[in-house]
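Structure, as structure tokens:
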Amino acid sequence: MDGDGTKDARATHANPVPRARSAVPPKPSVPPGLPPLPDGSAFLTWLRTRRPEALPGVWRFGHVPRRDEEPEQIPARQLLSGAVVAFLVGWLLWSLLYNSYLGDWWLVPLLALTPDAWRTGSGDATAYNIASLTYYAVIAGGIMITVGRLGRWAEVWRRYGPPAWRKAVPAPERPPAPEQDPAVWPHLRAAGADDAADRLAAEARAGLMRDVDHARITRAWQGVRSGRHSLASFRSAVVKDGAAACPHPSGVRDLPGRFARHDLVTGQVRLGTTADDPRNPYAYRGTGLALGPDLLGTSLLAVGPAGSGKTATVVQPLAESLCLQALAGRAGVVVVGAAGAGLGPADAYDVVVRIAHPDSVYDLDLYGGTTDPDEAAVILAEALVGDLADPHPGSDGRRSTTVLAQLLGPFRAVHDRFPSVPELRQLLDGTPGPLAALRKALQDTGQESLLRELDARERQMAHPGDVGTVLADRIALLDRPAFARFFDTSGQSRPFSLKALDHPVRVRIDLPARGHADASRILARLVLAQFTASVAVREDRSLFACLLLDDATGLVTPESVRGIQRLRSANAGAVLTLRTLDDVPRPLRGPLLGAAGCRMALSGLTPRDGQDFAEVWGKEWTETRDVTDRQIIAETPAGKAVHALRRVITGKAPTARAVTVRQVERERWSASELAHGVPPGHAVLSLTTVKGEHAPPLLVDLGD
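See the structure below:
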């Protein structure tokens, strides 16, 4: 078994990427935050760490769940002073009773329950002493319970006693039972693959296994359980290669220079910490915030101005996480951004497409790898004029698709390929020579049906409202000297197609945003259209596919919004970042926010953008209390003394309180709070899992 059921897609690997596994495995690494130990104990500690089930978005690695409701917090000074004063009052009361300063009335029950002979010396004096001590203990205990409740001693114990000490110094976890220890691979042993389990356990103890190896072999085992691979081939591969078994097609077992915190057991990457803020639910406060395929499968939209951290704190960690999962055979990822945007080193990817760069090894397939002219026309029309609500008066997107199909079908029938950019531009412009040559070739081959397509195209060209002129103007943006080597259809280049997302491939596409902004937006829309079309027809949907668009300005169209909505059912997702929602047409802002299950508003948002987020997050019912306190005035000296004592113990003057409770509906986050109340380096993030679980908008510190 040489791989996890994956094969190299045609033309999906760059020359710098090694094609075969080295005979000597690279020096093992350990998850971030663990010191390198040669005996593998750090890896075993990481592997055995608890990962309990948690709320959506909670970093599960070592997570300790909190209670759902926030306990009432009393100021420390008030709590301690009240406890001390209550103790002194109880001690004083006991002293007054015990020394009979208040009389002997409190001994009446003791005298009534014991015989007189016990107290005169003729009876059992020992029994009377025992009864007396018992009675004193009951009275003293009653006083202690009363003043303890008054002084909140139980809260002092929980906050400052041994329970708090145990939380401050967590006890080391006990080693798991052998049948539950993931380091000994019990599921392999249960299936009878003891030799494979022994080999993997030995390599883990020796420090020869890393988190990517564990995730990759676990993924391969899932293939065995599902019937895609045979148990015999899996066992032989693991016994032969150990932790290096079932390799990624590139042979790479880790990424160079990781910087984010990953947990490949759960598939999460940590983005920050949920702030300890009253607006966050108590169960989330202070917990790590992490994303994984279960959340990215509903797509993520992040909005924030330049410098708010969209690329550094959101896109880069997610790209690194998905590349690691691709190495584990779990995901395929395509990262799209401007050249020099810092989306990771080239060594972290299998394919790097540098459009308009002379040293680019790979080209981009303009038609998405399809051989169907109609499908190619739909994708290309979306890329060229999808951002135009009305490409030409009286026209719509379907007409653009029809125009392209009328030219692509006949051309492919004659040349067995689609036209290049210059050829397509000439056909759309209606240049007589190319159209006449295409007509003659169709006549020579006797394809009358395609001749009718060409006749219809020529008739439409004569009308002043022909959409072909708009398409020609748009395709002319790609007919530039900088793109002369790209979008080749003659088979002389190495085009990359998103059809390769059937495999765990890592792709980075660099757009020439500087100097070719309009062309970059066309290409980004092309990639998005190809992605949504390709993932919907994949054979193996157990492989998660994700597209990361570092800047989605000009990419949001009605068709792209519909495509994003369909990604969840295809086990795929998209991550889009925007500087402002003003870059999205007003009619599409609501549908876009509705299509993305995860929405992030970073600091520095404009009030207009904040209003859109506030509307989509909606309102919630909250309980408000109107409290009116009226101080009680004591009339007698004894009353004044009691009030003074109560003020010392509780820290408050005696009052009569009137409380009015109301249920009101308020915005979860208002536009003003989003625009002015989010600190720098923070974001407000709502989450939705592919199973439909929700997390309310959370204030998150992205730098922690």
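Residue numbering for the sequence shown follows the working numbering, beginning at 11 and increasing consecutively. Quick reminder that beta carbons are idealized off the backbone N, C-alpha and C, glycines included.
Q. In terms of residues, what are the limits of the beta strand (DSSP E) holding I519?
A. 516–521
Q: Starting from T587, follow its DSSP beta bridges and name the residues at the other end.
A: A312
Q) Does DSSP classify R268 as helix, strand or coil? A) coil
**Q.** Proximity to L198 [Cα-Cα], best of S680, D286, R235
**A.** R235
Q: With a 10 Å radius around its C-beta and 16 neighbouring C-beta atoms as the bar for buried, classify V189 as buried or exposed.
A: The question names Val, but residue 189 is Glu in the sequence shown. With fewer than 16 other Cβ atoms from the protein chains shown falling within 10 Å of its own Cβ, E189 counts as exposed.
Q.
With H, G and I counted as helix, E and B as strand and the rest as coil, what does DSSP make of K37?
A. A caution first: K37 carries a pLDDT of 39, below 50, which makes its placement in the model unreliable, though a value can still be read off. Reduced to three states, the DSSP call for K37 is coil.
Q: Output yes or no for whether 9 Å exceeds the beta carbon distance between N581 and L615.
A: no
Q. Roughly how many angstroms separate the alpha carbons of P36 and T699, rounded to a whole number?
A. The pLDDT assigned to P36 is 41, lower than 50, so where the model puts this residue is not dependable, and the model offers no usable value.
Q. Taking three-plus beta-carbon pairs below 8 Å as touching, is the region 515–529 in contact with the region 294–312?
A. Contact fails: fewer than three Cβ-Cβ distances are below 8 Å.
Q. Would you call the region 420–429 and the region 476–489 in contact, with 3 or more CB pairs under 8 Å?
A. no
Q | Cβ neighbours of Q278 in the same chain (closer than 7 Å, five flanking residues each side left out) | A | Sequence-distant partners of Q278 (beyond 5 residues in either direction) whose C-beta falls short of 7 Å from its own C-beta, in its chain, are W69, R70, A300, L301, G302.
Q: Spell out a yes or no on whether the region 236–246 and the region 264–277 are touching, meaning 3 or more CB-CB pairs, one atom from each, closer than 8 Å.
A: no
Q. Below 8 Å, can you find three or more Cβ-Cβ pairs linking the region 458–471 to the region 432–449?
A. Short answer: they touch.
**Q.** Spatial distance of D593 from L697 (CA atoms)
**A.** About 23 Å.
Q.
Check whether the region 590–605 and the region 617–624 touch, using three or more Cβ-Cβ pairs below 8 Å as the test.
A. yes
Q. Can you list, in chain order, the residues of its chain whose CB lies under 6 Å from that of E213, leaving out five sequence neighbours each side?
A. M219, G252, A253
Q. What separation, rounded to the nearest whole angstrom, lies between the Cα atoms of F269 and T638?
A. 54 Å
Q: Taking F493 as the reference, give the member of S370, E683, T55, L112 with the closest Cα.
A: S370
Q. Do R495 and D375 have their CB atoms nearer than 9 Å?
A. no
Q | Within the region 221–302, ranges of the beta strand (DSSP E) (whole runs, at least 3 residues) | A | For the region 221–302, whole beta strand (DSSP E) runs of length 3 or above, ordered along the chain, are 271–273, 278–284, 298–301.
Q. Ends of the beta strand (DSSP E) at S696?
A. 692–698
Q) Using the C-alpha atoms, what's the distance from P259 back to P192? A) Put simply, the backbone Cα of P192 is about 26 Å away from that of P259.
Q: List the endpoints of the continuous beta strand (DSSP E) containing T638.
A: 629–641
Q.
I need the straight-line Cα distance from D439 to L464, nearest angstrom please.
A. 14 Å
Q | Backbone CA spacing between G691 and L332 [nearest angstrom] | A | 23 Å
Q) Which class does R77 belong to by DSSP, given the choice of helix, strand or coil? A) The answer is coil: DSSP assigns R77 none of H, G, I, E or B.
Q: Tell me whether P38 is buried or exposed, calling it buried when 16 or more other Cβ atoms sit within 10 Å of its Cβ.
A: Reliability fails at P38, whose pLDDT of 42 lies under 50, so the model's placement of it is uncertain and no value is given.
**Q.** Buried versus exposed call for E392 [16 or more other C-beta atoms within 10 Å across all chains shown]
**A.** buried
Q. Tell me which same chain residues have a C-beta within less than 7 Å of the C-beta of A201, skipping the five on either side of it?
A. L241, listed in sequence order.
Q: Name the residue from H653, G72, W56 whose alpha carbon lies nearest to the alpha carbon of E63.
A: G72
Q: Name, in chain order, the residues that DSSP records as bridge partners for R609.
A: L311, S696
Q: Using three-state DSSP, classify A705 as helix, strand or coil.
A: Look at A705 here: in three-state DSSP terms it is strand.
Q. Which residues in the same chain have their Cβ closer than 6 Å to the Cβ of H23, if we skip the five residues on either side of it in sequence?
A. With a pLDDT of 39 at H23, under the threshold of 50, the modelled position of this residue cannot be trusted; read the value that follows with caution. These residues qualify, in order along the chain: D360.
Q: Compare the beta carbon distance of P514 and R676 with 9 Å and say whether it is the shorter of the two.
A: Contact flag unset, no.
Q) Can the beta-carbon of A663 be found closer than 9 Å to that of Q641? A) Yes; because the gap between Cβ atoms is below 9 Å, this pair is in contact.
Q: Would you decide whether R87 is buried or exposed? Buried here means 16 or more other CB atoms lie within 10 Å of its CB.
A: exposed
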